[in-house]
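Numbering (full-length UniProt numbering), first residue to last: 1 to 689.
Encoded structure:
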């Protein structure tokens, strides 16, 4: 969704600014110099809990720590830093603008030309995905470079890596130009703790400013299925023009043979080109029109099909042979004149009709890849993988890569199922329910490397209601949150796994902001696991919570049940409730209930309260807590009666850390324990409870 900066001229703690444990200028130096040693915060947050190769991980954790949570797509993840290599392992780091911070597990392996990393397959596989980063071109725009892939030291095949879809710079909405001046010199920035346009003498801002979004991924289908114990070696050829190549992880899996649908409208019969040499959009349109009349599905066989605009879908089923075989790929194309919705480009995507035109119904998309060509963020552009309004519809088994938003739905619409998809390397969100989406489910999807919220429900103008985000895995959003809910009624976020958010957000977020409709009814946040979240918020210069509630536009005052969640290895807090300084005396957060929760490792507190309101806690067990259990600042008015935020102990709250029990009687109900920016104490790696 559209990001607005967070009114940081007055930080939440008031005008005074204390030393932060994470320093963005140092982080910037690390990113630009590609230092693989310590960075700002690295010593505080550097630990490597991953088992050695060939063990599989889930979000860089031992699988038993996340059992029953996150997506199960038959993908086996292995972290490069745990593999065998003659390269250099990146020091784990959680500071923004570094290669390590955006990597899964906050580390990877840096290879110079001639070096390699080798994985041992824990299970049989015939398909590989490599997540990597290579340098940008000096003037922006990216480069390409080879990577040799061999199995069991046999003949190698060459992947062509690219940085054309990574490397953004500067302030929101970012630029591809590493030499650009500040996009918003009238915004407060952490680097100088000032508003540059209002500062004399003008601060010197190092260029490129705030490099980010470093990673991309490539997939490779092998010639046969290799058994468990086979070795996969990734080697940077000696002549590579890339000065370095960072390998983050290897995903392996067994892919089924191509699916053949005989009784269907085959797009080849309508002139589609499976070699991608000419545009096949018109052939898709003809196949769809015929299929609707004949009451047949549309079949897209193995091949690469060039499509450079939206394919409009309504009351139609489109089936591919499988996302590894059927690829629908297009160029982003400039429009001669802007569209009524403000778009200045179009590109490949499957779109339902606008809700204003009645929307689409009975749309079923499955078994193909949507490969986009989006290299910059333009919020008005409709260059998403899937869009429009689709009721009574299903989207299953797609691979959506390099579009702006993987799936963006504008309601009103009802009864959509989004299942078993892989959504990666997006410029903005992975999926967004934008206003009036009801009775819909997003389940068993892998979302990785988004440039905004991984999954979002945004109730702008119309409330989203009765929706569920269940058993998804969200990894490494480079901006904003893993999962965010902005207003709405009776929604559920359950059994998800969220890992490694980088900045200006965290793992789970409940926000009254962006013009969202109020929260009403209930909100259920149940049985989720977060890891390496609770990030640093660079505008406010404070740490967030792994789950954080933010009242900005209005109160958050609904039945919010946060039950059965596990918050692991939080960089700062496990839980935060907060408002912004200009509205701190106008809004409150009430009615939030935490129950049956496990917290294993916080750099600072279990709870950071920076807002008026209240919350209850029952059976919340914590260990390895780095600061006072409740950091209660309320609304920063510090009345003699205590904080404006009240904590109620419903019993069974155990454990703590360096300062004693996390919830001690002396902290209740509203003792002021405010430490604006407490020092970070690094906890040990999470382990079995």
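Here a beta-carbon is modelled for each residue, glycine too, at the ideal position from N, C-alpha and C.
These numbers come from a predicted model, not from an experiment.
| request: Buried or exposed for residue 176, please, with buried defined as at least 16 other CB atoms from any protein chain shown within 10 angstroms of its CB. | output: Buried, since its Cβ has 16 or more Cβ neighbours within 10 Å.
| Proximity below 8 angstroms, CB of residue 476 to CB of residue 507 | Contact flag unset, no.
* To do: Spatial neighbours of residue 325 within its chain, please: CB distance less than 7 angstroms, with the 5 preceding and 5 following residues excluded, ordered by chain position.
  => Closer than 7 angstroms at the Cβ level, and outside the excluded window around residue 325, lie 258, 302.
Item to complete: Specify the secondary structure class of residue 183 as computed by DSSP and reduced to three states.
Response: When secondary structure is reduced to three states using DSSP, residue 183 falls in the coil class, being assigned neither helix nor strand.
Cβ of residue 430 within 8 angstroms of Cβ of residue 454? Yes, these two residues count as a Cβ contact at 8 angstroms.
- prompt: Does the stretch 217-236 come close enough to the stretch 142-154 that 3 or more CB-CB pairs lie under 8 angstroms?
  reply: Three or more Cβ pairs drawn from the stretch 142-154 and the stretch 217-236 lie within less than 8 angstroms of each other, which places the two stretches in contact.
Which two residues bound the contiguous beta strand (DSSP E) that contains residue 329?
Note, residue 329: beta strand (DSSP E), 326-329.
Take residue 373 and list the residues in its own chain whose beta-carbon comes closer than 7 angstroms to its own, dropping the five residues that flank it on each side. By the criterion of a C-beta distance shorter than 7 angstroms, residue 373 is surrounded in its chain by 330, 331, 332, 347, 402, once the five residues flanking it on both sides are discounted.
_With the cut-off set at 8 angstroms, would you say residue 119 and residue 83 are in Cβ contact?_
For residue 119 and residue 83, yes; Cβs fall inside 8 angstroms.
C-beta contact flag for residue 411 and residue 437 at 8 angstroms = Result yes, Cβ atoms of residue 411 and residue 437 sit closer than 8 angstroms.
Notebook entry, point to check: With a CB to CB cut of under 6 angstroms and the five nearest residues on each side skipped, what residues in its chain are close to residue 422?
Noted result: Contacts found: 399, 446.
Only counting the same chain, and skipping five residues up and downstream in sequence, which positions put a Cβ closer than 6 angstroms to that of residue 427? Excluding residues within five positions, the ones whose Cβ falls inside 6 angstroms are 374, 377, 404, 451.
Report task. Please list, in chain order, all residues of the same chain as residue 174 whose beta carbon is under 6 angstroms from its beta carbon, the five residues on each side excluded. Result -> Shown here for residue 174: same chain residues with a beta carbon closer than 6 angstroms to its own, the five before and five after excluded, namely 168, 377 in chain order.
Determine contact between the stretch 357-371 and the stretch 333-347, defined as no fewer than three beta-carbon pairs at a distance below 8 angstroms. Result no; under three Cβ-Cβ pairs closer than 8 angstroms.
Pairs of beta-carbons, one from the stretch 86-106 and one from the stretch 190-197, closer than 8 angstroms: are there three or more? The answer is no - the stretch 190-197 does not touch the stretch 86-106, with fewer than three Cβ pairs under 8 angstroms.
Taking the straight line between their C-alpha atoms, what separation do you get for residue 160 and residue 220? Distance between the alpha carbons of residue 160 and residue 220: 11 angstroms.
Cβ contact (3+ pairs, closer than 8 angstroms) linking the stretch 564-575 and the stretch 603-612: The stretch 564-575, when compared against the stretch 603-612, does touch it at the 8 angstroms Cβ threshold.
Requested in this report: Return yes when the Cβ of residue 243 is within less than 8 angstroms of the Cβ of residue 135, no when it is not.
Outcome: Contact: yes.
Query raised in the report: Looking only at DSSP bridge pairs, what is residue 304 linked to?
Result: Looking at the DSSP assignment, residue 304 forms a beta bridge with 275, 327.
By Cβ distance, which residues of its chain are closer than 8 angstroms to residue 132, with the 5 residues on each side in sequence left out? Setting aside the 5 residues that flank it on each side, residue 132 is surrounded in the same chain by 147, 161, 215, 216, 217, 218, 245, 246, 247, 248, each with a C-beta closer than 8 angstroms to its C-beta; the list follows chain order.
Please confirm whether residue 479 and residue 505 have their CB atoms less than 8 angstroms apart. Going by beta carbons, residue 479 and residue 505 fall inside the 8 angstroms limit.
Going by other Cβ atoms of all chains shown within 10 Å of its Cβ, with 16 needed for buried, is residue 535 buried or exposed?
Only buried fits residue 535, as 16 or more other CB atoms lie within 10 angstroms of its CB.
Cut-off 7 angstroms between Cβ atoms - residues of its own chain near residue 668, not counting five sequence neighbours on either side: Excluding positions up to five away in sequence, the list reads 647, 649.
Would you tell me roughly how many angstroms separate the C-alpha atoms of residue 261 and residue 267, rounded to the nearest one? Separation of residue 261 and residue 267 (C-alpha to C-alpha, rounded to the nearest whole angstrom) is 12 angstroms.
Take the Cβ of residue 321 as the centre, count every other Cβ of all protein chains shown within 10 Å, and call the residue buried at 16 or more, exposed below. With at least 16 other beta carbons inside 10 angstroms of its own, residue 321 counts as buried.
>> Between the alpha carbons of residue 338 and residue 344, how many angstroms are there, rounded?
In response: Between the alpha carbons of residue 338 and residue 344 lies a distance of about 5 angstroms.
- prompt: Between 432, 128, 127, 537, which lies nearest to residue 485 when the distance is taken from Cα to Cα?
  reply: The shortest C-alpha to C-alpha distance from residue 485 to any of 432, 128, 127, 537 is the one to 432.
Quiz prompt | Secondary structure of residue 595, DSSP reduced to three states | solution = Of the three classes helix, strand and coil, the one that applies to residue 595 here is strand, per DSSP.
**Report entry** Inter-residue spacing [alpha-carbon to alpha-carbon] between residue 697 and residue 185
**Finding:** Residue 697 lies beyond the stretch modelled for the chain, which goes from 1 to 689, so this question has no answer here.
Let me know the secondary structure DSSP gives residue 137 once reduced to three states.
In the structure shown, residue 137 falls within a coil segment according to DSSP collapsed to helix, strand and coil.
* residue 673: which of 683, 636, 680, 685 sits nearest, CA to CA? -> Taking only the C-alpha atoms, the option nearest residue 673 is 636.
(request) Taking residue 283 as part of the alpha helix (DSSP H), name the residues at either end of that continuous run. (result) First-last of the alpha helix (DSSP H) with residue 283: 281-294.
* Asked: Does the Cβ-Cβ distance between residue 589 and residue 556 come in under 8 angstroms?
  -> In contact: residue 589 and residue 556 (Cβ atoms closer than 8 angstroms).
Check your understanding: Considering only residues of the stretch 79-146, which uninterrupted beta strand (DSSP E) runs meet the minimum length of 3 residues and lie entirely inside it, listed in chain order?
Key -> List check, beta strand (DSSP E) in window: 109-111, 116-120, 125-133.
- Inter-residue spacing [alpha-carbon to alpha-carbon] between residue 548 and residue 681: In this structure, the alpha-carbon of residue 548 lies about 20 angstroms from that of residue 681.
Using only the alpha-carbon positions, how far apart do residue 183 and residue 171 sit? A straight-line Cα-Cα distance of about 6 angstroms links residue 183 and residue 171.
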